[in-house]
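Written below as structure tokens is the structure these notes are about.
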Amino acid sequence: MTTAPTVLMNTVRSQWRLVVGSTDGASGAGKTTLAKLVAGIHRPTGGAISLGGVPVQDLDADRLRQQVALITQEVHVFAGALADDLRLAQPDATDVDLRDALARVGADVWVDGLPDGLATLVGESGQQLTTTQAQQLALARLLLANPEVAVLDEATADAGSAGARLLDQAATEALRGRTALVVAHRLSQAAAADRIVVLDAGRVVEAGTHEDLTRSGGVYAALWKAWSGARSPNR
1 MTTAPTVLMN
11 TVRSQWRLVV
21 GSTDGASGAG
31 KTTLAKLVAG
41 IHRPTGGAIS
51 LGGVPVQDLD
61 ADRLRQQVAL
71 ITQEVHVFAG
81 ALADDLRLAQ
91 PDATDVDLRD
101 ALARVGADVW
111 VDGLPDGLAT
121 LVGESGQQLT
131 TTQAQQLALA
141 RLLLANPEVA
151 VLDEATADAG
161 SAGARLLDQA
171 ATEALRGRTA
181 LVVAHRLSQA
191 AAADRIVVLD
201 AGRVVEAGTH
211 EDLTRSGGVY
221 AALWKAWSGA
231 RSPNR
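As numbered in the UniProt record's numbering, residues 1 to 235 make up the sequence shown, in order.
Here's what the structure looks like:
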């Protein structure tokens with residue numbers, strides 16, 4: 001673990017007991033730092049990040065990896081067979097388990113179309129895969145690992161519009177039934193969250209539901225108005 005930058009939140013209480021949560025804010029606002037704090041990669045310089053009432057820094061590394069999964073914008077896909085990459089999340093998974101996870105994230109069709117299916121070599125860093133396909137594999141690994149907490153740090157940011165729609169659906173399925181913190185790249189993702197936390201310069205400036213925040217006339221409301229206005233067909 002590394003010590004977090006000093007740009008940290010003034011107060012973030014245990015809001016992530018909710019099924020889905022989302023953070024929003026400009027680049028440099030502290031979203032990735034918060035994601036890494038929750039995942040246990042950074043240590044807080046003050047206060048505590050707790051899971052089930054236990055500070056993250058008090059959990060041993062194996063238990064933390066079992067309980068928390070972090071998916072970032074840069075997905076790690078390892079050289080070797082696609083099946084072996086998936087089994088990093090669940091070593092004893094059968095081919096049926098792998099296919100079920102792939103189907104749930106919408107990746108089964110293109111995997112079945114590969115020359116050797118699950119045995120296909122994906123290349124170093126997944127060079128044989130598109131960005132969308134690599135992210136689908138990461139979400140399939142999340143399903144296989146089945147952690148209690150999932151942290152998605154702008155995981156769909158690099159996908160095009162068509163890929164983003166696929167990944168939004170895949171993420172919704174992968175996060176079902178577990179606590180999640182989602183660093184949102186698009187406001188449409190944030191709007192679907194049970195609770196939104198808006199960060200600015202490393203501090204929490206707003207928190208609430210989409211409806212509450214759009215009514216409040218604050219930072220999030222201004223972002224939403226600008227984003228939805230830009231998407232209006234009359235503009």
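Ideal Cβ placement from N, Cα and C applies to all residues, glycine included.
Model, not experiment: these values are computed from the prediction.
Practice task
Give me the Cβ distance between residue 152 and residue 109, rounded to the nearest whole Å; I'm assuming they're in contact under 8 Å.
Solution key: Between residue 152 and residue 109 the beta-carbon gap is near 23 Å, outside 8 Å, which marks them as no contact.
Exercise for the section: Within 10 angstroms of the Cβ of residue 225, are there 16 or more other Cβ atoms? Answer buried if so, exposed if not. Expected result: Result: exposed.
Handout entry: Inter-residue Cα distance where the pair is residue 188 and residue 227
Key = The C-alpha of residue 188 lies about 9 Å from the C-alpha of residue 227.
Practice task
Express the C-alpha separation of residue 48 and residue 102 in angstroms, rounding to a whole number.
Solution key: Using only the alpha carbons, I get a separation of about 36 Å.
Problem - Nearest-angstrom Cβ-Cβ length linking residue 199 and residue 36, presumed shorter than 8 Å - result: So it is not a contact: roughly 13 Å between Cβ atoms.
Problem - Identity of the residue in 194, 193 and 146 nearest residue 174 by Cα - result: That would be 146, whose Cα lies nearest to the Cα of residue 174.
Handout entry: Start-to-end residues for the beta strand (DSSP E) that takes in residue 203
Key = For residue 203, the enclosing beta strand (DSSP E) starts and ends at 203-208.
Exercise for the section: State the Cα-Cα distance for the pair residue 123 and residue 218, rounded to the nearest angstrom. Expected result: Approximately 47 Å between the Cα atoms of the pair.
Exercise for the section: Kindly provide the ranges of any alpha helix (DSSP H) runs that are 4 or more residues long and lie completely inside the stretch 57-119, ordered along the chain. Expected result: Look at the stretch 57-119 and you find these whole runs of alpha helix (DSSP H), each 4 residues long or longer: 61-67, 82-86, 95-104 and 108-112.
Problem - Contact belief for residue 75 with residue 127 at Cβ below 8 Å, rounded distance in angstroms - result: A Cβ-Cβ distance of about 12 Å is found for the pair residue 75 and residue 127, leaving them out of contact under the 8 Å criterion.
Problem - Euclidean distance between Cα positions of residue 87 and residue 168 - result: Roughly 23 Å separates the two Cα atoms.
Practice task
Could you check what DSSP says for residue 21 in three-state terms: helix, strand or coil?
Solution key: Annotation note: pLDDT 45 at residue 21 (below 50); position unreliable, coordinate value reported separately. Strand at residue 21.
Problem - C-alpha distance - residue 118 paired with residue 82, whole-angstrom precision - result: Answer to the nearest angstrom: the Cα atoms are 5 Å apart.
Exercise for the section: Report yes if the C-beta of residue 211 is less than 8 Å from at least one heavy atom of the ligand COA; otherwise report no. Expected result: Looking for the ligand COA in the displayed structure turns up nothing, as the structure carries no ligands at all.
Exercise for the section: Could you please give the first and the last residue of the uninterrupted alpha helix (DSSP H) stretch that includes residue 142? Expected result: Residue range 131-145 is occupied by the alpha helix (DSSP H) that includes residue 142.
Exercise for the section: Could you tell me how far apart the beta carbons of residue 143 and residue 107 are, in whole angstroms, since I believe they sit closer than 8 Å? Expected result: Not confirmed; about 11 Å, so no contact.
Exercise for the section: Evaluate residue 21 with the Cβ neighbour count: other Cβ atoms within 10 Å of its Cβ, from every protein chain shown; 16 or more gives buried, anything less gives exposed. Expected result: Bear in mind that a pLDDT of 45 at residue 21, under 50, signals an unreliable position, so the number given afterwards is only what the model happens to contain. Here residue 21 is buried. Its C-beta has 16 or more other C-beta atoms within 10 Å.
Exercise for the section: Could you check which residue in 191, 114, 150 and 148 has the C-alpha nearest to that of residue 133? Expected result: Taking each of 191, 114, 150 and 148 in turn and checking the Cα distance to residue 133, the smallest one comes out for 114.
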